Amino acid sequence: MNNITASLPALTLLSVLTSAALSQQAAADPFEPATLIPSQSDFGGVGLMQMPTGRMAREGEFSINGDWSEQYHKYNISMQVMPWLETTIRYTLVQDLLLSSDPNFSGDSKYTDKGIDLKFRLWQEGKYLPETSVGLRDFGGTGLFDGEFIAATKRYNNFDFTLGMGWGYLGTRDNIANPFCKFSDEYCTRPSDFKGSGGMVDYERWFKGPAALFGGVEYQTPWQPLRFKVEYDSNDYSGDFPVNRAGVDMTPATPWNVGALYRLGDWGDARVSYQRGNSVALGLTLRTNFNDMKAVWLDEPEVQPRPSDATQRLEDVDWQQLANQLESNAGYKEPTITVDGDKATITASQTKYRDRAEAQERAAAILSNNLPSDIKTYEIVETSENVPTTATRIDAPTYQEIALTQSIDKSFSDATTGREEINLSDSQQVNTVYDGFKSFDYYVSPTLAQSFGSVENFYLYEIGINVGAEYWLTRNVNFSGGVHINVVDNYDSFNYEVPPDGTDVPRVRTLFRSYVTDNPVRMNNLQLTWLDEIGNGFYSQAYGGYLESMFAGAGGEVLYRPLNQNWAIGADVNLVSQRDPDSWFGVFTEEQQYSEKDGRYYKVLTQGTTGFLTGYYMPQWSFIDNTLFKVGVGKFLAGDLGTRVDFSKQFDSGVIAGAYASFTNMSSEDFGEGSFTKGFYVSIPFDIMTVKPSSNRANISWQPITRDGGQMLSRKYQLFDLTDARSPWLQRPSGVKERE
9 MNNITASLPA LTLLSVLTSA ALSQQAAADP FEPATLIPSQ SDFGGVGLMQ MPTGRMAREG
69 EFSINGDWSE QYHKYNISMQ VMPWLETTIR YTLVQDLLLS SDPNFSGDSK YTDKGIDLKF
129 RLWQEGKYLP ETSVGLRDFG GTGLFDGEFI AATKRYNNFD FTLGMGWGYL GTRDNIANPF
189 CKFSDEYCTR PSDFKGSGGM VDYERWFKGP AALFGGVEYQ TPWQPLRFKV EYDSNDYSGD
249 FPVNRAGVDM TPATPWNVGA LYRLGDWGDA RVSYQRGNSV ALGLTLRTNF NDMKAVWLDE
309 PEVQPRPSDA TQRLEDVDWQ QLANQLESNA GYKEPTITVD GDKATITASQ TKYRDRAEAQ
369 ERAAAILSNN LPSDIKTYEI VETSENVPTT ATRIDAPTYQ EIALTQSIDK SFSDATTGRE
429 EINLSDSQQV NTVYDGFKSF DYYVSPTLAQ SFGSVENFYL YEIGINVGAE YWLTRNVNFS
489 GGVHINVVDN YDSFNYEVPP DGTDVPRVRT LFRSYVTDNP VRMNNLQLTW LDEIGNGFYS
549 QAYGGYLESM FAGAGGEVLY RPLNQNWAIG ADVNLVSQRD PDSWFGVFTE EQQYSEKDGR
609 YYKVLTQGTT GFLTGYYMPQ WSFIDNTLFK VGVGKFLAGD LGTRVDFSKQ FDSGVIAGAY
669 ASFTNMSSED FGEGSFTKGF YVSIPFDIMT VKPSSNRANI SWQPITRDGG QMLSRKYQLF
729 DLTDARSPWL QRPSGVKERE
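For the sequence shown, position 82 matches number 90 in the numbering used here, and the numbering has no gaps at all.
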């Protein structure tokens with residue numbers, strides 16, 4: 009089934025995106041000179057109505073689209089990941105078909121199809137050349153809309169003309185010979201079969217079979233909010249799903265579609281169109297741009313530095329007040345302060361500012377105002393879960409000269425060393441003057457788990473509360489646990505069925521309903537963890553206990569992450585057992601379990617190993633800038649061997665959007681619907697959603713369908729995330745204000 013999990017702060021994504029657009033961008037003045045900018049199609053992605061165009065939106069544009077017609081209700085999300093790459097995820101509800109003929113299985117739920125589209129720009133528009141793109145629609149899906157296209161678009165004043173050629177769903181009108189047939193006969197016929205049960209990439213079908221020309225024009229009227237669209241449709245609808253499966257007559261009275269679009273300021277569009285000469289479609293788009301989302305804070309003002317008091321002594325410093333200021337004004341939580349000769353060192357985690365330079369400058373002002381003038385160096389050692397990651401030294405006299413004289417030819421960076429390796433002093437003179445370390449902490453947070461497009465129910469949800477605590481036995485060892493309280497859910501309608509002949513694949517994830525609905529109060533986590541910096545860029549952790557809601561065990565991880573480099577490499581290994589959903593502390597002891605609902609046996613994982621060798625790489629190439637590749641090779645929970653590939657893009661605001669896929673030696677038949685594990689996620693900095701600065705993030709993840717192959721252990725700590733300060737990815741400062 010599909011799976012989206014988020015904490016409630018993350019659940020504000022849709023409202024945040026809408027409110028961000030409303031707050032940042034005023035509605036367009038209808039009397040300003042009209043400007044034609046790309047708009048979304050009925051399928052999602054820049055286009056006319058049914059047909060795509062060669063245009064791309066501005067990088068960072070994020071659109072939520074809905075389109076409603078008699079036969080289809082489409083809901084999609086489209087994102088301009090790169091200037092040359094557009095991605096779309098789509099759910100389609102087929103109105104004339106039910107998901108299942110068995111009302112006990114899916115009730116009156118409509119047939120639901122999931123699809124992913126990609127569009128790549130080949131070249132930009134020039135004086136004579138049109139902007140030209142090639143695209144794949146519904147690739148890796150079940151074939152409802154699968155097709156390929158090449159489209160070229162050229163603008164003349166307020167008219168945007170498009171001419172293109174389509175194959176598959178976009179080529180059924182068959183009004184032109186497939187040009188690829190001239191190179192090979194295999195392109196003259198489109199294979200009719202599909203791999204697996206959806207999810208596989210059927211590249212053998214691409215650009216094969218009948219082809220058709222399509223085209224159209226989009227006209228921006230002199231009145232800014234209004235534009236019109238006309239298109240020639242290359243689909244004759246003879247192969248549409250309602251036609252073949254339900255006998256619905258979708259014969260077009262004309263190949264021409266006409267429509268109007270009304271722009272609702274810069275945050276949305278409303279659409280209406282008359283298609284096929286016999287059908288009306290309505291559409292709505294909400295949008296924002298991840299490159300433009302700027303934080304608006306009600307923050308404490310920076311402390312203004314004062315001239316040093318030559319008579320001040322170290323014994324006169326109010327260390328408690330100094331620590332409070334460092335935490336409240338500079339964001340250094342629970343600092344430990346040591347003095348070694350003429351150097352004062354602050355060791356703490358940073359909880360307020362993604363822009364570490366701002367945090368350090370605030371800290372420098374506080375230290376300058378509170379410490380005697382014989383302290384010549386301020387050192388800030390940043391930690392994460394008590395693990396030191398980087399050090400920054402600030403030359404106190406240089407800082408004071410810059411801050412007090414407000415020199416125009418020098419800046420704060422001239423007084424700092426930037427990120428450095430941590431050099432623990434072996435001096436016998438180190439004096440701990442303040443220790444803010446707190447060994448106990450707890451939290452209470454609401455959560456929502458939800459999914460869209462399940463075969464049993466289009467929307468499944470669970471609302472709950474997480475209660476947790478941790479106790480640090482030492483600065484390196486903590487004991488932590490968490491309990492989840494299920495308040496309300498409808499996951500009891502999830503009907504994963506064991507295959508008639510049983511299955512040899514352990515149900516490492518598809519058994520999750522038993523953990524959710526059968527346990528209104530459950531222990532998600534209870535573990536002992538050791539974390540440490542080994543030295544020279546090496547970090548390690550070891551852990552044991554109840555590691556997540558479905559697995560208990562023990563494991564460890566080692567990471568090498570050189571300072572200020574764009575790569576890292578790590579390895580983890582784990583010995584795990586699947587937890588018994590009917591017991592808080594028990595695990596399965598028998599591999600074969602019996603399903604009373606299905607009357608069949610299935611397997612669970614009584615004991616197994618899982619682990620990966622993982623590489624991390626942040627390319628420096630301009631055409632894929634601000635991206636992160638993670639590639640892990642190893643053994644998944646179900647025992648299948650393979651690779652997990654994860655790609656993410658960070659926009660100027662700090663919003664990260666990513667996708668991942670697992671490719672293993674498990675066959676598509678054993679895997680089932682979806683053929684392989686894949687998913688998507690968005691990570692949003694708290695500080696663009698709230699009025700206070702924060703270094704935390706809200707995360708939303710979506711897995712289109714959950715099966716047992718290609719699944720990984722959900723570990724509490726990931727060393728790559730804990731060591732982010734060494735070469736920031738999650739904690740990069742916003743680039744929006746720098747561009748403006």
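A virtual CB, placed ideally from N, CA and C, is assigned to each residue, including glycine.
Every value quoted in this text rests on a predicted model; they were computed, and no experiment measured them.
Could you check the C-alpha separation between residue i and residue j for me, to the nearest Å?
i: residue 69; j: residue 140; result: 19 angstroms
i: residue 204; j: residue 708; result: Confidence is the limiting factor: at residue 204 the pLDDT is only 47, short of 50, which leaves the residue's position unreliable and the question unanswerable from this model.
i: residue 410; j: residue 627; result: 35 angstroms
i: residue 32; j: residue 696; result: Residue placement at residue 32 is poorly supported in this model, since its pLDDT is 41, which falls under 50; the coordinates still yield a value, given next. Those two C-alpha atoms are separated by around 11 angstroms.
i: residue 369; j: residue 662; result: 21 angstroms
i: residue 232; j: residue 167; result: 14 angstroms
i: residue 157; j: residue 214; result: 10 angstroms
i: residue 380; j: residue 481; result: 35 angstroms
i: residue 621; j: residue 740; result: 26 angstroms
i: residue 102; j: residue 371; result: 59 angstroms
i: residue 652; j: residue 193; result: 36 angstroms
i: residue 100; j: residue 642; result: 35 angstroms
i: residue 60; j: residue 421; result: 48 angstroms
i: residue 326; j: residue 445; result: 17 angstroms
i: residue 78; j: residue 392; result: 54 angstroms
i: residue 633; j: residue 658; result: 9 angstroms
Do the CB positions of residue i and residue j come within less than 7 angstroms of each other?
i: residue 413; j: residue 401; result: no
i: residue 569; j: residue 734; result: yes
i: residue 129; j: residue 92; result: yes
i: residue 171; j: residue 185; result: no
i: residue 547; j: residue 525; result: no
i: residue 623; j: residue 577; result: yes
i: residue 53; j: residue 125; result: yes
i: residue 585; j: residue 595; result: yes
i: residue 220; j: residue 242; result: yes
i: residue 553; j: residue 582; result: no
i: residue 197; j: residue 217; result: yes
i: residue 276; j: residue 293; result: yes
i: residue 687; j: residue 668; result: yes
i: residue 423; j: residue 406; result: yes
What are the partner residues of residue i, as DSSP defines its beta bridges?
i: residue 190; result: None; residue 190 has no bridge partner.
i: residue 167; result: 164, 227
i: residue 75; result: 82, 291
i: residue 617; result: 583
i: residue 4; result: Shown here, the chain extends from 9 to 748; a query on residue 4 therefore has no answer.
i: residue 157; result: 143, 174
i: residue 638; result: 624, 654
i: residue 728; result: DSSP, once it has assigned bridges, lists no residue as partnering residue 728.
At a cut-off of 6 angstroms, would you count residue i as near the ligand GTP, judging by its Cβ distance to the nearest heavy atom?
i: residue 378; result: The model depicted lacks the ligand GTP and carries no ligand whatsoever.
Establish whether the CB of residue i and some CB of chain B are separated by less than 7 angstroms.
i: residue 579; result: Reference to chain B is not applicable here, since this structure consists of a single protein chain.
With a CB to CB cut of under 6 angstroms and the five nearest residues on each side skipped, what residues in its chain are close to residue i?
i: residue 545; result: 568, 569, 570
i: residue 476; result: 451, 490
i: residue 598; result: none
i: residue 244; result: 180, 181
i: residue 133; result: 139
i: residue 35; result: Note that residue 35 scores a pLDDT of 42, beneath 50, so its modelled location is shaky; the value from the coordinates is reported in the next line. Correct list, in chain order: 273.
i: residue 738; result: 732
i: residue 330; result: 378
i: residue 144; result: 126, 156
Among the residues of its own chain, which have a CB less than 8 angstroms from the CB of residue i, if the five just before and after it don't count?
i: residue 387; result: 351, 352, 353, 354, 399, 400, 401, 402
i: residue 262; result: 284, 285
i: residue 268; result: 234, 235, 236, 237, 279, 280, 281
i: residue 105; result: 118, 119, 249, 250, 253, 254
i: residue 308; result: 336, 337
With a CB to CB cut of under 7 angstroms and the five nearest residues on each side skipped, what residues in its chain are close to residue i?
i: residue 479; result: 447, 448, 486, 487
i: residue 246; result: 180
i: residue 743; result: 660
**Item:** Entirely enclosed alpha helix (DSSP H) segments - the region 199-277, minimum 4 residues
**Value:** 249-254
**Item:** beta strand (DSSP E) runs wholly inside the region 642-725, at least 3 long, in chain order
**Value:** 649-658, 664-672, 686-693, 705-711
**Asked** What are the uninterrupted segments assigned as beta strand (DSSP E) that are 3 or more residues long and contained completely in the region 384-453, given in chain order?
**Response** 385-392, 395-403, 439-443
**Request:** Output the residue ranges of the beta strand (DSSP E) runs that lie fully inside the region 499-563 and measure 3 residues or longer, sorted by chain position.
**Result:** 529-543, 546-554
**Asked** Along the chain, which unbroken stretches of the alpha helix (DSSP H) at least 4 residues long are found entirely within the region 328-387?
**Response** 364-378
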